[in-house]
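Inspection log for the structure reproduced underneath, given as structure tokens.
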Ligand code: ARG
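Residue numbers (the numbering used here): 213 to 838.
And the structure:
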């Protein structure tokens, strides 16, 4: 059922318009053009549809408004939620003023007040694969991975909360030449008698970089790759293509062959690199409170065996064709063909896109995905357009027996920028390590906690600071428009005022403390009395709070549709502000009567549950005190 009065009014008025003006409405669905009123004196909402409709039907807009009102009069669902409409409801050139009935609002809120909080289980639930994290072996997680983890985790949690089956896939970059290069290095060291077991990820990353430097002979190719803003993966592939015949490259190639053939010595070194990388990266994910664990890892290496037969099949079926020695798939409307195998001159290897094609096939046809959602940097947009189109053509995106393909979606995100508005880098031009960023956020949050709440004991202070830091970092990442770049600023994200993580945590702590205070006064459990209370929508603050609460299911739905968690952030921020106005202007514990006190406590309780539910969808851990 619909809980949000705005939605109910929009639907009922649209239906009334369609009844009154069937011809005008039949072209497209009628739009009620519902807006909140500027002045509460005139009610809560106004329907502005009469003016454009009057033009379309060649009538006076006030007459049109009257016709809509007449048509609406027969709607008992509408009558249940609004004060009766009359000619006096028509204002100015033809606005229809609408006032909600306080008792109807209270009734809607009472129905909404269940554990589901208005989020109805989908029928049928879908299987949704969320591609998130996407780290690469032999590299620390840097700030660029923040969004792939945080946004991916938030979308996964939102779908889980709605009731879908979610399968997280961490498409780890653990295969191919760049990895073979560093494997070759470590292998050399081991053969020279060095103890490679002592190497941590920092040390391995240094070796990786050294290996890369050695093989990127061709500055031109690199410059081109940088100019076109290709991602690290494509960059590595290009470097390797133009690097030509240099020696370390030749060695890397033979190492890759040894890996492909599961040569035990080579494979053990690779495994070591994988273990060290994943241990450190998954620890960062855990610190962030993101549900990304080893069971979600499905690296590129897991597709290695499938690529050759898949490519053969694509050739056989006439989907892939030869182009200058390479194998490509051409797709209409996409400027560049998808290369799925390099030319013999280029080494004949498979590419990033080849693996992603195999991944779509596995995710849709084996895992049964109805939707596959990629939380990946916007700079990989062309790659995903190519791969999605190729997969569609090959039929890989259609489940066995299904008549329509599954949805493949790139939830592309913008970059994290430094204070200079350029990609966030350290002073020396290195990528900023994600774990360093988390350390600094925790230090700063700890200072703020000491400052604001010196009484908090050491352990609790540390836990609170860490929760605030993670909330702050995750919330900025989520609350910024997904597709856009944003500028990273510790000061802004850690502020206790404004649209920040700490502000929302604090808003919830404040409600929880109302219940603690109520309990200290003794008597019946305040939560029990609240939950049993009749809801009274007396003043404007209560009405606004009720309306804000009832928008919750719609906000969650919009995240699931748009894949934009910032919509939920904005919703929670609005709710927190609306609550703040309510609690500032309406006495809760000192209300004029017990009936009013319990009704207001119930509003507090519903608010705290919506806030906690919303935060948990964002992957943000709530606090009891701070
Ligand atoms: N490892 C890749 C990179 O660093 C990201 C992987 C994203 N997922 C995917 N299925 N391609 O660019």
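All residues carry an ideal CB built from backbone N, CA and C; glycine is no exception.
Residue 586: beta carbon under 7 Å from a heavy atom of the ligand ARG?
Yes, the beta carbon of residue 586 sits closer than 7 Å to at least one heavy atom of the ligand ARG.
Cβ-heavy atom distance, residue 445 to the ligand ARG, below 7 Å:
For the ligand ARG, at least one heavy atom lies less than 7 Å from the Cβ of residue 445.
Should residue 622 be listed as close to the ligand ARG, given that the test is whether its C-beta is under 7 Å from any heavy atom?
Set against 7 Å, the gap from the CB of residue 622 to the closest heavy atom of the ligand ARG is not smaller.
Report the rounded CA-to-CA distance for residue 219 versus residue 374, giving the unit in angstroms.
Answer to the nearest angstrom: the Cα atoms are 19 Å apart.
Backbone CA spacing between residue 842 and residue 340 [nearest angstrom]
This structure cannot speak to residue 842, because the chain is shown only from 213 to 838.
Nearest to residue 765 by alpha carbon, out of 255, 289, 329?
The shortest CA-to-CA distance from residue 765 to any of 255, 289, 329 is the one to 329.
Exposed or buried, what is residue 799 when buried is set at 16 or more other beta-carbons lying within 10 Å of its beta-carbon?
Its Cβ having fewer than 16 others within 10 Å, residue 799 is exposed.
Of the residues 691, 542, 557, the one placed nearest residue 551, counting alpha carbons only:
Closest by alpha carbon: 542.
Does residue 250 pass the burial test, meaning 16 or more other C-beta atoms within 10 Å, or should it be called exposed?
So residue 250 counts as exposed.
Considering only heavy atoms of the ligand ARG, does any lie closer than 7 Å to the CB of residue 543?
Every heavy atom of the ligand ARG is 7 Å or more from the Cβ of residue 543, so no.
According to DSSP, simplified to helix, strand and coil, what is residue 643?
Here residue 643 sits in strand by DSSP.
Is it a yes or a no for the stretch 593 to 613 touching the stretch 629 to 649, going by three-plus beta-carbon pairs under 8 Å?
No, they do not touch.
Minimum length 3: unbroken beta strand (DSSP E) runs contained in the stretch 305 to 366
List check, beta strand (DSSP E) in window: 307 to 310, 339 to 343.
Apart from the five residues on each side of it in sequence, which residues of its chain come closer than 6 Å, Cβ to Cβ, to residue 279?
Result list for residue 279: 232, in chain order.
Can you tell me which of 776, 777, 745 puts its alpha carbon nearest to the alpha carbon of residue 321?
For the options 776, 777, 745, the alpha carbon positioned closest to that of residue 321 is the one of 745.
Beta carbon of residue 571: closer than 7 Å to some heavy atom of the ligand ARG?
It does: the Cβ of residue 571 is within 7 Å (strictly closer) of some heavy atom of the ligand ARG.
Run the proximity test for residue 348: is its beta-carbon closer than 7 Å to any non-hydrogen atom belonging to the ligand ARG?
Flag set: Cβ of residue 348 near the ligand ARG.
Cα-Cα separation between residue 682 and residue 367, rounded to whole angstroms:
One alpha carbon belongs to residue 682, the other to residue 367, and they sit about 17 Å apart.
Check: residue 343 C-beta below 7 Å from any heavy atom of the ligand ARG
Within the cutoff, so yes.
Any non-hydrogen atom of the ligand ARG closer than 7 Å to residue 560 Cβ:
Incorrect: residue 560 has no Cβ contact closer than 7 Å to the ligand ARG.
Top-ranked residue by Cα proximity to residue 833, from 728, 473, 676, 803:
Per the C-alpha coordinates, the member of 728, 473, 676, 803 positioned closest to residue 833 is 676.
Can you list, in chain order, the stretches of the alpha helix (DSSP H) that have 4 or more residues and sit fully within the stretch 646 to 689?
If we require 4 residues or more, the alpha helix (DSSP H) runs fully inside the stretch 646 to 689 come out as 646 to 664.
Please state whether the Cβ-Cβ distance between residue 384 and residue 559 is less than 8 Å.
With contacts defined by Cβ atoms closer than 8 Å, residue 384 and residue 559 do not form a contacting pair.
Report the rounded CA-to-CA distance for residue 400 versus residue 413, giving the unit in angstroms.
About 18 Å.
If we ignore side chains and look at the alpha-carbon of each, how far apart do residue 420 and residue 596 end up?
Computed Cα separation, rounded: 27 Å.
Where residue 430 sits in the DSSP three-state scheme:
Its pLDDT being 46, under 50, residue 430 is placed unreliably in this model, and the value from its coordinates should be taken loosely. Secondary structure of residue 430 (DSSP, three-state): coil.
Among 257, 265, 276, whose alpha-carbon lies nearest the alpha-carbon of residue 313?
Of 257, 265, 276, the residue nearest in Cα terms is 257.
Can you confirm whether the stretch 465 to 472 touches the stretch 639 to 655 when touching is taken to mean that 3 or more C-beta pairs between the two stretches lie within less than 8 Å?
Contact between the stretch 639 to 655 and the stretch 465 to 472 is absent, because fewer than three Cβ pairs lie under 8 Å.
Would a check of beta-carbon distances place residue 445 closer than 8 Å to chain D?
You won't find chain D in this structure, because it holds only one protein chain.
Quick one: give me the first and last residue of the beta strand (DSSP E) that residue 550 is part of.
Residues 550 to 553.
Taking 7 Å as the line, does the beta carbon of residue 836 fall inside it for any heavy atom of the ligand ARG?
No, the beta carbon of residue 836 sits no closer than 7 Å to any heavy atom of the ligand ARG.
What would DSSP say about residue 385, mapped onto helix, strand or coil?
Note: residue 385 maps to strand in three-state DSSP.
Quick one: is the Cβ of residue 153 within less than 7 Å of any heavy atom of the ligand ARG?
No answer is possible for residue 153: the residues shown for the chain start at 213 and end at 838.
Span of the alpha helix (DSSP H), counted from its first residue to its last, around residue 723
Taken as a continuous stretch (DSSP letters only), the alpha helix (DSSP H) holding residue 723 covers 713 to 732.
Contact between the stretch 750 to 761 and the stretch 818 to 829 (3+ Cβ pairs under 8 Å):
Using a C-beta cut-off of 8 Å, the stretch 750 to 761 makes contact with the stretch 818 to 829, since at least three inter-stretch Cβ pairs fall below that distance.
Where residue 823 falls, given that 16 or more other Cβ within 10 Å makes a residue buried:
Classification of residue 823: buried, given that the 10 Å Cβ count is 16 or more.
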